[in-house]
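Q:
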Amino acid sequence: MSPGIFKVYEFHAPEQECTVFYNPFLDDNLVKVCSGDACKCIEGECPKIRSKLDTSTTANQRKDAACKADITYAYKVEAVKSEEEGEFVKYTVTIVDIFNRGSATVKVNKQVRLIKKKTCSEFSLQSGQQYLIMGKDGLQIRGEREFQYEYPLDSSTWVELWPESSSCSSPSCGRFLSILEDFSESILLDGCQS
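Shown next as structure tokens:
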């Protein structure tokens, strides 16, 4: 027996697939989160919050990251609460701005959930803090009147603290916030056009 690639997809929708590296000698290779009949794989390693106040990444580099073909969402969110559920920690966040919505029908001020494996103990979102979150497809769940969305947090997710201007007193924090504001303005005005 040897490690290999494991693909799961609907027969009538092969473009919607989950690909995971499987190693029979390791535990927890295929981790998935489910709601009703719909499941989504959570890939590989734990998410990491990008370096705090990283002014080396420009507004254009953030825009390029948000507009990559495999990135299906990019939001500015505010963390509301977290709760443990089975093998996961689920963060409820409120969408503050939408930079790339993909096929999701989310709106500003709508709440979505971000999900991480419970074993990812070095990563957490703090209630009341705002973040730039970019990543791959989430789980769309049919609610009573509208869809609900859950997004896995894994090693492919971009997570970056977005400080409030009132808490940004140092010059480096001011420069960092200015870069984030330039990113926000550019992508909200021009979208993902070059």
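Each residue of the sequence shown is one higher than the one before, starting from 1 at the first, in UniProt numbering. Where is the CB? At the ideal position from N, CA and C, for every residue including glycine. Here the structure is a predicted model, which is why all the values come from computation and not from measurement.
Just to confirm the assignment, what range does the alpha helix (DSSP H) spanning Gln61 have?
A: Start and end: 59 to 66.
Q: Count the other CB atoms, across all protein chains shown, that sit within 10 Å of the CB of Asn109; report buried if there are 16 or more and exposed otherwise.
A: Exposed, because fewer than 16 other Cβ atoms sit within 10 Å of the Cβ of Asn109.
Q: Check the DSSP bridge columns for Ala74 and list the partner residues they point to.
A: Paired residue(s): Asn100, Met134.
Q: Can you tell me which residues form a DSSP beta bridge with Lys81?
A: The partner list for Lys81 (beta bridge, DSSP) reads Thr92.
Q: Skipping 5 residues on each side, what residues in its chain have a beta carbon closer than 6 Å to that of Arg50?
A: The residues are Glu160.
Q: Applying the criterion that 16 or more other CB atoms from any shown protein chain within 10 Å of the CB defines a buried residue, is Leu153 buried or exposed?
A: Buried, by the Cβ-count rule.
Q: Does the distance from the CB of Ile179 to the CB of Ala59 come in under 8 Å?
A: Yes, Cβ-Cβ distance for Ile179 and Ala59 is below 8 Å.
Q: So the beta strand (DSSP E) Phe147 belongs to, where does it begin and stop?
A: 147 to 152 is the span of the beta strand (DSSP E), which, as asked, contains Phe147.
Q: Whole angstroms are fine: how far does the CA of Ser169 sit from the CA of Ile115?
A: So the alpha carbons of these two residues sit roughly 32 Å apart.
Q: Keeping to the same chain, check which residues put their C-beta closer than 7 Å to that of Ile98; ignore five residues upstream and five downstream.
A: For Ile98, where only same-chain residues beyond five positions count, the Cβ hits under 7 Å are Tyr75, Val106, Val108.
Q: Grab me the residues of Lys81's own chain with a C-beta within less than 7 Å of its C-beta, minus the 5 sequence neighbours each way, in chain order.
A: Thr92, Ser127.
Q: Ignore the nearest five residues each way along the sequence and tell me which others in Thr57's own chain have a CB closer than 8 Å to its CB.
A: Counting only Cβ-Cβ distances below 8 Å, and skipping sequence neighbours, we find Arg50, Ile179.
Q: Using only CA atoms, which one of Pro47, Thr55, Lys48 lies nearest to Asp182?
A: With distances taken between Cα atoms, Asp182 lies closest to Thr55.
Q: Roughly how many angstroms lie between the CA atoms of Gly138 and Glu150, to the nearest whole one?
A: Each residue's alpha carbon lies about 6 Å from the other.
Q: Of the residues Asp70, Ser184, Arg145, Glu83, which one's Cα is nearest the Cα of Trp162?
A: Nearest C-alpha to Trp162: Ser184.
Q: For the beta strand (DSSP E) that contains Ile115, what are its first and last residues?
A: Here the beta strand (DSSP E) through Ile115 covers 111 to 117.
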